[in-house]
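Structure record follows, encoded as structure tokens.
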Amino acid sequence: MRKWVLSGILSSEETYLSHLEALLIPMKPLRAAATTSQPMLTVQQIETIFFKVPEMHEIHRDFYDALLPRVQDWSQQQCVGDLFQKLNLKIKSTKDCKDQSAKYSLETLLYKPIDRVTRSTLVLHDLLKHTPSSHPDLPLLQDALRISQNFLSSINEEITPRRQSMTVKKGEVSTRSLQSHLLHLFAFTLTLVQVWKLKLYCFWKGQQYDCKWYIPLADLTFQTLEDCESTPIPLFQDEEIDAVKIKISQIKNDIQTTKAPKVIERLRKKLSEQESMLLLMSPNMAFRVANRNGKGFTFLISSDYERAEWREIIREQQKKCDFSLTSLELQMLTNSCVKLQTVHTIPMTLSKEEDESSGLYGFLNVIVHSASGLKQSLNLYCSLEVDSFGYFVNKAKTRVHRDSAEPNWNEEFEIELEGSQTLRLLCYEKCGSKKAKEDGELTDRILAKGQIKLDPQTLQNKDWQRTVIAMNGIEVKLSMKFTSREFSLKRMPSRKQSGVFGVKINVVTKRERSKVPLIVRQCVEEIERRGMEEVGIYRVSGVATDIQALKAAFDTNNKDVSLMMRDMDVNAIAGTLKLYFRELPEPLFTDELFPNFAGGIALSDSVARESCMLNLLLSLPEPNLVTFVFILDHLKRVAENESINKMSLHNLATVFGPTLLRPSEKDSKLNSSPISMNDCWSLEVMSQVQVLLYFLQLEAIPTPDSKRQSLLFSTEV
Numbered sequence: 001m002r003k004w005v006l007s008g009i010l011s012s013e014e015t016y017l018s019h020l021e022a023l024l025i026p027m028k029p030l031r032a033a034a035t036t037s038q039p040m041l042t043v044q045q046i047e048t049i050f051f052k053v054p055e056m057h058e059i060h061r062d063f064y065d066a067l068l069p070r071v072q073d074w075s076q077q078q079c080v081g082d083l084f085q086k087l088n089l090k091i092k093s094t095k096d097c098k099d100q101s102a103k104y105s106l107e108t109l110l111y112k113p114i115d116r117v118t119r120s121t122l123v124l125h126d127l128l129k130h131t132p133s134s135h136p137d138l139p140l141l142q143d144a145l146r147i148s149q150n151f152l153s154s155i156n157e158e159i160t161p162r163r164q165s166m167t168v169k170k171g172e173v174s175t176r177s178l179q180s181h182l183l184h185l186f187a188f189t190l191t192l193v194q195v196w197k198l199k200l201y202c203f204w205k206g207q208q209y210d211c212k213w214y215i216p217l218a219d220l221t222f223q224t225l226e227d228c229e230s231t232p233i234p235l236f237q238d239e240e241i242d243a244v245k246i247k248i249s250q251i252k253n254d255i256q257t258t259k260a261p262k263v264i265e266r267l268r269k270k271l272s273e274q275e276s277m278l279l280l281m282s283p284n285m286a287f288r289v290a291n292r293n294g295k296g297f298t299f300l301i302s303s304d305y306e307r308a309e310w311r312e313i314i315r316e317q318q319k320k321c322d323f324s325l326t327s328l329e330l331q332m333l334t335n336s337c338v339k340l341q342t343v344h345t346i347p348m349t350l351s352k353e354e355d356e357s358s359g360l361y362g363f364l365n366v367i368v369h370s371a372s373g374l375k376q377s378l379n380l381y382c383s384l385e386v387d388s389f390g391y392f393v394n395k396a397k398t399r400v401h402r403d404s405a406e407p408n409w410n411e412e413f414e415i416e417l418e419g420s421q422t423l424r425l426l427c428y429e430k431c432g433s434k435k436a437k438e439d440g441e442l443t444d445r446i447l448a449k450g451q452i453k454l455d456p457q458t459l460q461n462k463d464w465q466r467t468v469i470a471m472n473g474i475e476v477k478l479s480m481k482f483t484s485r486e487f488s489l490k491r492m493p494s495r496k497q498s499g500v501f502g503v504k505i506n507v508v509t510k511r512e513r514s515k516v517p518l519i520v521r522q523c524v525e526e527i528e529r530r531g532m533e534e535v536g537i538y539r540v541s542g543v544a545t546d547i548q549a550l551k552a553a554f555d556t557n558n559k560d561v562s563l564m565m566r567d568m569d570v571n572a573i574a575g576t577l578k579l580y581f582r583e584l585p586e587p588l589f590t591d592e593l594f595p596n597f598a599g600g601i602a603l604s605d606s607v608a609r610e611s612c613m614l615n616l617l618l619s620l621p622e623p624n625l626v627t628f629v630f631i632l633d634h635l636k637r638v639a640e641n642e643s644i645n646k647m648s649l650h651n652l653a654t655v656f657g658p659t660l661l662r663p664s665e666k667d668s669k670l671n672s673s674p675i676s677m678n679d680c681w682s683l684e685v686m687s688q689v690q691v692l693l694y695f696l697q698l699e700a701i702p703t704p705d706s707k708r709q710s711l712l713f714s715t716e717v
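Just so it is clear: in the sequence shown, position 305 is 305 by the UniProt record's numbering, and no numbers are missing.
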């Protein structure tokens, strides 16, 4: 790891030296012309534009020339801290020039020399992370880091007085003083109001609500798609949302491991900010309303369940409407909300100081048995949603039971829980190929919806728990069984080595005389044949009984397995493929190399990160590597249909990251404490997701020699 970090800094130093040499080319003739009768620039202008470029070039050339042979002749005890010490001291000396005419502000420094110091600081952090405490290089690197940080701190101190001198006259509000604008909707008994919540910190503390517009509920309609403007809905990238989730998990973990009250208070404030950001970024489902004049407004809702909830509440209140509120009355109501805090409960954990990690982590097996109470025969199906980070995600969908007033599904699903507290169930009427228009949304019609709390005490029992969800006169019978993360993490080797599930991948490929296991090839082939446009492919759970049937067929080498798959729901085939990788005795990325992959993806230097990740990948055993490249190409093809199947590279990495990389239980770094275990697990899972996403985003995997080239691009693969 130390060598990879240093290889990255060597590569970036080469690029940096070429940039400085490019600057020296025009500087020399300009400096020569400055003493002639017709200079293009004065000597002072040249010194300002090319400030310290020759000196920086000489310093970094010396550093590069000294570092290169040490990396080439690498050994475990090799020291490099003295080179970083010397580099940082020389850069510092260029700043501490005694010549008064050389005084300058931050803006007059060239960006790249300062950028090199910040980059050097990041590299030193990476080196220290992977340097043992007994290594002779440790004190040298620590001293070099101290010099770098002192240098950067001194520059920050120079520009601080200018920042502090910016003042605002009394009575004026600077744009900087408006710390945040959060949109709030208040559904008063008679009126839907949109307001901006303003937090002002310039000359007074507090908050107020400014009413922007309102629609009397008697005049409110649900806008149709034909009436809407065709402007795209602004959505955040999955990567941005995931970055916020990572920060939330890291802050929660820090809160658990910190004892200082002031530090905890500061961390809770950061947690509040990140959760507020997640609140604004996560909703992505359109909910459209309009007033009597046709003026439309679009809101983003987290799930179909919530959108249906809004419609029901508005319709219920519309029945009571016989007069309108004045704008003055509305302003009085919104002002009272500040005092009474009568805002709708939002899915955030700000008030849960006693338990930052509430919710269940593991797998929930759900059997959807039957529905009763229907007044006529319908084509009915159910979908299941669970919350993750406070926002609901669709996890499973039953088959459509046609022309029945008492549908019996008896379908089992395995749903992964990530801090989940609630299970939601929605019953839909399948409206055929024409699709029904419901309040402006082209969708199947929601007949009923309900939810139940996932009680940890009840679900700790390993037996199946039967329950009934009653909703709008319809009752749906369910059975549930929960498996905690402690047990679901185990990769259990199969006792029957003649099968494929739970058997090492090299054993299977050797027996089959193939480079990629037959089960992987057949599942991928069937999914690419008819599942590339399936919404939520790999995310939506398949029927557990179908998955188990396919598992048994593959384990017994059933010749008719291809025919079986043609008649099965494609989500069950996707679930079988995930189950195969999840039940491998050792992950595809191996127990031995997984900690290095996790360390490599965390490297700050992009060049070092690339060098580390690719070298690690090419270090995998041959069957693991070829199978991974095969799956990688398949997932990229799935993501090409993202506009239809809603599965981006990030979504696929979230689904497959833990499946391909999760280590065996003995190698997992989870703490025995339940609270810290969940936080650590979240961080570990996010690391696995980041590793897979890194490879998914690479256009191609470079191969360093002909052996790997023939391996990766064989005609069979």
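Note that beta-carbon positions come from the ideal geometry of N, C-alpha and C, so glycine has one too.
My assumption, with CB atoms under 8 Å, is that residue 244 sits in contact with residue 274. Please give the rounded CB distance.
The beta-carbon distance between residue 244 and residue 274, rounded to whole angstroms, is 6 Å. This is short enough to meet the 8 Å contact definition.
If I follow the unbroken alpha helix (DSSP H) through residue 634, where does it start and stop?
Here the alpha helix (DSSP H) through residue 634 covers 622–639.
Which term fits residue 167, buried or exposed, when burial requires 16 or more other beta carbons within 10 angstroms of its beta carbon?
Note that residue 167 has pLDDT 37, beneath the 50 cutoff, so the model's placement of it is unreliable and the number below is only indicative. Classification of residue 167: exposed, given that the 10 Å Cβ count is below 16.
Since residue 617 sits in a beta bridge, which residues does DSSP pair it with?
Looking at the DSSP assignment, residue 617 forms no beta bridge with any residue, so it has no partner.
Residue 492: buried (16+ other C-beta within 10 angstroms of its C-beta) or exposed?
Residue environment analysis places residue 492 among the exposed positions, since fewer than 16 neighbouring C-beta atoms fall within 10 angstroms of its C-beta.
What's the gap between the Cα of residue 365 and the Cα of residue 147?
Between residue 365 and residue 147, the C-alpha separation is close to 56 Å.
Give me, in chain order, the residues of the same chain whose beta-carbon lies closer than 6 Å to that of residue 577; leave out the 5 immediate sequence neighbours on both sides.
Once the five neighbours on either side are set aside, the close Cβ partners of residue 577 are 523.
Rounded to the nearest angstrom, what separates residue 14 and residue 622 at their Cα positions?
Straight-line Cα distance between these residues: approximately 34 Å.
When 651, 559 and 424 are compared against residue 454, the one with the closest alpha-carbon:
Checked all of 651, 559 and 424; the closest Cα to residue 454 is 424.
When the distance is taken between beta carbons, is residue 77 closer than 8 Å to residue 136?
Less than 8 Å divides the Cβ of residue 136 from the Cβ of residue 77.
What does the alpha-carbon distance come out to for the pair residue 1 and residue 602?
Their backbone Cα atoms lie some 11 Å apart in a straight line.
Assuming contact is defined by CB atoms lying nearer than 8 Å, are residue 396 and residue 541 in contact in what I supplied?
Yes, the Cβ-Cβ distance between residue 396 and residue 541 is below 8 Å.
With a threshold of 16 other CB atoms inside 10 Å of the CB of residue 6, please say whether the residue is buried or exposed.
Around the beta carbon of residue 6, 16 or more other beta carbons sit within 10 angstroms, so the residue counts as buried.
Buried versus exposed, by CB contacts within 10 Å (16 or more), residue 640:
With fewer than 16 other Cβ atoms within 10 Å, it is exposed.
If we require 4 or more residues per run, which alpha helix (DSSP H) segments fall completely within the stretch 445–519?
Within the stretch 445–519, the complete alpha helix (DSSP H) runs of at least 4 residues are 456–459, 485–488 and 505–512.
Could you spell out the range, first to last residue, of the beta strand (DSSP E) harbouring residue 753?
Past the boundaries of the shown model lies residue 753; the chain is included only from 1 to 717, so the question cannot be answered.
By Cβ distance below 7 Å, which residues in the same chain neighbour residue 31 in space, the five residues on each side in sequence not counted?
Within the same chain, residue 31 has close Cβ partners 46.
Which word fits residue 533, buried or exposed, when buried means at least 16 other C-beta atoms lie within 10 angstroms of its C-beta?
Exposed, because fewer than 16 other Cβ atoms sit within 10 Å of the Cβ of residue 533.
So, is residue 697 buried or exposed, given that buried needs 16 or more other C-beta atoms within 10 angstroms?
Taking all protein chains in view, the Cβ of residue 697 is surrounded by fewer than 16 other Cβ atoms within 10 Å, so the residue is classified as exposed.
Provide the residue(s) that pair with residue 387 in DSSP beta bridges, ordered along the chain.
For residue 387, which the question treats as bridged, DSSP gives the partners 392.
Looking at C-alpha atoms only, which residue of 316, 142 and 219 is the closest neighbour of residue 295?
With respect to the C-alpha of residue 295, the residue from 316, 142 and 219 having the closest C-alpha is 219.
Using 8 Å for Cβ pairs, my map puts residue 371 next to residue 474. What's the rounded Cβ distance?
Yes, residue 371 and residue 474 are in contact; Cβ-Cβ is about 6 Å, under 8 Å.
Inter-residue CB distance, residue 393 and residue 476 (contact presumed, cutoff 8 Å):
Taking C-beta atoms under 8 Å as the contact rule, residue 393 and residue 476 fail to qualify, at a distance of about 20 Å.
Mind checking residue 288: buried by the 16 CB within 10 Å criterion, or exposed?
Residue 288 comes out buried.
Taking the alpha-carbon positions, what's the residue 253 to residue 687 distance?
Using only the alpha carbons, I get a separation of about 15 Å.
Sheet register partners of residue 327 (DSSP bridge)
Beta-bridge pairing by DSSP links residue 327 to no other residue.
Extent of the continuous beta strand (DSSP E) to which residue 410 belongs:
Under the DSSP assignment, residue 410 falls in the beta strand (DSSP E) whose first and last residues are 408–420.
Mark residue 611 as exposed unless 16 or more other C-beta atoms lie within 10 angstroms of its C-beta, in which case mark it buried.
Using a 10 angstroms sphere on the CB of residue 611, the tally of other CB atoms reaches 16 or more, which defines it as buried.
In this structure, does DSSP put residue 659 in helix, strand or coil?
Helix.
Are there 16 or more other CB atoms within 10 angstroms of the CB of residue 328, so buried, or fewer, so exposed?
Taking all protein chains in view, the Cβ of residue 328 is surrounded by fewer than 16 other Cβ atoms within 10 Å, so the residue is classified as exposed.
Contact belief for residue 657 with residue 692 at Cβ below 8 Å, rounded distance in angstroms:
Taking a contact as a CB-CB distance under 8 Å, the pair residue 657 and residue 692 counts as one, their CB atoms being some 4 Å apart.
Run the CB neighbour count on residue 472, radius 10 Å, all protein chains shown included, and call it buried at 16 or more, exposed below.
Exposed, since its Cβ has fewer than 16 Cβ neighbours within 10 Å.
Just how far apart, CA to CA, sit residue 560 and residue 518?
Distance between the alpha carbons of residue 560 and residue 518: 13 Å.
Taking a contact to mean a Cβ-Cβ separation below 8 Å, would you say residue 527 touches residue 574 in this structure?
In this structure, residue 574 lies closer than 8 Å to residue 527 by Cβ.
Quick one: what's got a C-beta closer than 7 Å to residue 264's C-beta in the same chain, skipping five residues either side?
Cβ within range, chain order: 255 and 258.
Distance, residue 54 Cα to residue 139 Cα
If you draw a straight line from the Cα of residue 139 to the Cα of residue 54, it is about 31 Å long.
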